[in-house]
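**Student:**
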Amino acid sequence: MMYNESSNFYSISAYAEILEDFKNDPESQGGPPDCILLCQLRDQVLRQVGFKDIFKKVKDEENTKAISLFEDVVHLNDAIENDAKHLAELFSKDGISFLASCQNLVSRPWVVDDLDTFILKWGRKSWKKAVIFVDNSGADIILGILPFARELLRHGTQVMLVANDLPSINDVTYPELIEIISKLTDEHEHLVGIAISNLLIANSGNDLSVIDLS
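All the letters of the sequence shown, read from the start, carry residue numbers 1 to 214 under the UniProt record's numbering.
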């Protein structure tokens, strides 16, 4: 489908009208203008004019890059005590400054900071089941969440990855996650040496860039 300036203008105008309606009546769109409702209305307007997955090209490119790095990152994570420097070099070679990212991390304590509790639990006994609501495509899901999920699987935890049903900004969708897992697993259904028989992929039914558990 071809997009033109009129489509862009319509989507901007339609959303502007919605915001004006909120000024006159906060309940005009079925409820007060909270984050969930605003995201829902934004994506609804975009889909009405044909922008069903506006970040598709970027997501595909970032997923391809991350998939090419996945196995190396996992191997280095498995020996992180000795290879942290090599991991940093790996990211730098692909144009991603790992060290710079680390330097930009917010210092602890975080707003929600359960790290100490997590580490204590991790060292004693593994969880029976973990549910992870996944978010961004690319490095986030492939080099962040999936290595973490693999480590949980290694410790005997059943892992459920929950992804959006429909596209919203750059979030990975359920069909995309299925495809990513398929590309990363071998013919024996292993994720770099770890069986994925305890890995479940679920569709949240969500179409927003935020989690709605209502």
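Using N, Cα and C, we set each Cβ at its ideal position, and we do this for glycine too.
Below 8 Å on the Cβ atoms is my guess for residue 137 versus residue 168; work out the distance and round it to an integer in Å.
**Tutor:** Not confirmed; about 11 Å, so no contact.
**Student:** Would you kindly work out how many angstroms separate the C-alpha atoms of residue 27 and residue 33, rounded to a whole number?
**Tutor:** 8 Å
**Student:** Does any heavy atom of the ligand SAH sit closer than 7 Å to the C-beta of residue 206?
**Tutor:** As for the ligand SAH, it is missing from this structure, which has no ligand bound.
**Student:** Is residue 173 helix, strand or coil by DSSP?
**Tutor:** strand
**Student:** Counting beta carbon pairs with one atom in the region 45-61 and one in the region 178-198, are three or more of them shorter than 8 Å?
**Tutor:** no
**Student:** Of all the options 31, 158, 106, which has the alpha carbon lying nearest to the alpha carbon of residue 126?
**Tutor:** 158
**Student:** Taking the alpha carbon of residue 153 as the reference point, which residue from 165, 164, 128, 143 has its own alpha carbon closest?
**Tutor:** 128
**Student:** Determine the DSSP secondary structure at residue 14, reduced to helix, strand or coil.
**Tutor:** helix
**Student:** State buried or exposed for residue 62, treating a residue as buried only when at least 16 other CB atoms are found within 10 Å of its CB.
**Tutor:** buried
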